[in-house]
Amino acid sequence: DFYDLTWAYLTRAVSQGVRHAEIFFDAQTHTDRGVPFESVVTGIRRALHDGEARFRITSGLIMCFLRHLSADAATRTLHEALPFKKWILAVGLDSSEVGHPPAKFEDVYNRAREAGFLAVAHAGEEGPPAYVWEALDILKARRIDHGVRCVEDDRLVGRLVEEQIPLTVCPLSNVKLRVFPNLRAHNLKQLLDRGLLVTVNSDDPAYFGGYVADNFRDTAAALGLGREQLLTLARNSFVASFLSEEQRRAYLGDVERFAAQPSLKTIS
19 DFYDLTWAYL
29 TRAVSQGVRH
39 AEIFFDAQTH
49 TDRGVPFESV
59 VTGIRRALHD
69 GEARFRITSG
79 LIMCFLRHLS
89 ADAATRTLHE
99 ALPFKKWILA
109 VGLDSSEVGH
119 PPAKFEDVYN
129 RAREAGFLAV
139 AHAGEEGPPA
149 YVWEALDILK
159 ARRIDHGVRC
169 VEDDRLVGRL
179 VEEQIPLTVC
189 PLSNVKLRVF
199 PNLRAHNLKQ
209 LLDRGLLVTV
219 NSDDPAYFGG
229 YVADNFRDTA
239 AALGLGREQL
249 LTLARNSFVA
259 SFLSEEQRRA
269 YLGDVERFAA
279 QPSLKTIS
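Position one of the sequence shown corresponds to residue 19 (the numbering used here), numbered consecutively onward.
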């Protein structure tokens with residue numbers, strides 16, 4: 019099942035032009051109903067391996083802790099993940115944000131970083147800018163997922179710009195979750211204009227609807243994004259990734275070659 023689910027995502031992503039994907043998975047959703055952690059991660063990993071062999075799509079796995087569950091539950095999940103460290107790039111934090119501040123997970127994030135995992139966290143989508151500060155200063159997150167409410171705190175925006183901390187923005191799910199009433203009201207363009215390192219992503223696409231290209235297309239149409247803004251977003255996706263420097267340079271070179279195509283020079 020986990021292989022098939024991951025394979026279905028990869029085939030859709032490849033059909034939309036995705037070259038590299040850093041994919042979140044919620045192990046606790048399944049281990050809490052008796053599915054062994056090994057079954058979850060092995061099925062996903064096999065599909066990612068086969069996807070790279072067949073489609074040349076590279077990938078990384080990010081294991082999320084469910085923030086509505088306890089910190090002790092997250093620690094148990096981290097312990098289960100340790101034998102599979104070589105397959106898991108980073109730990110993350112997702113699920114219901116309000117009422118579950120990042121600081122709740124300080125200890126497990128410390129343990130995860132000590133074990134060699136990178137750190138990311140959902141913050142500042144439904145929760146306040148204070149959660150972004152906590153994700154940065156307490157969890158030591160290298161990247162903030164969503165983060166759109168950062169604009170409510172000018173000092174936070176200044177830090178995000180100065181340190182070029184990536185925000186992985188998911189416009190279509192933001193609308194579904196009523197963070198914004200509609201795409202025309204989304205602040206993605208404002209984030210770009212203020213110099214933030216923002217990327218466009220999908221978020222539970224099978225549930226919320228909207229894969230990566232759908233997010234790009236619909237958001238560009240709603241906000242009137244032009245050629246240079248779209249190219250900036252494409253570049254940002256690789257700059258913000260956890261790829262090696264060699265891989266990052268290769269993908270950024272592909273973006274520049276794509277941008278140089280005559281057909282793109284006429285796009286406003």
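Built from N, CA and C at the ideal position, the CB exists for glycine as well. From a predicted model like this one, the values you see are computed outputs, not experimental measurements.
- When the beta-carbon positions are compared, L174 and V138 stay at least 8 Å from each other.
- Pairwise C-beta distances place the stretch 113 to 133 out of contact with the stretch 51 to 70, as fewer than three of them are shorter than 8 Å.
- Nearest to R74 by alpha-carbon distance, out of V32, G110 and A89, is V32.
- DSSP places G227 outside both helix and strand once states are collapsed to three, so it counts as coil.
- Out of V216, D236, G242 and A239, the CA that lies nearest to the CA of S255 is found in V216.
- Around P223, the same chain offers Y229 as residues with beta carbons nearer than 6 Å, after the five sequence neighbours per side are excluded.
- Excluding sequence positions up to five before and after V193, its CB lies within less than 8 Å of the CB of P199, N200, L201 and H204, all in the same chain and listed in chain order.
- Out of Q182, Y225, A231 and T250, the CA that lies nearest to the CA of K207 is found in T250.
- Under the Cβ criterion (8 Å, minimum of three pairs), the stretch 258 to 275 does not count as touching the stretch 225 to 241.
- Between the C-alpha atoms of C82 and A278 there is a straight-line separation of about 38 Å.
- Counting only runs of at least 4 residues, the stretch 201 to 246 fully encloses the following alpha helix (DSSP H) elements, listed from N- to C-terminal order: 206 to 211, 223 to 226 and 230 to 241.
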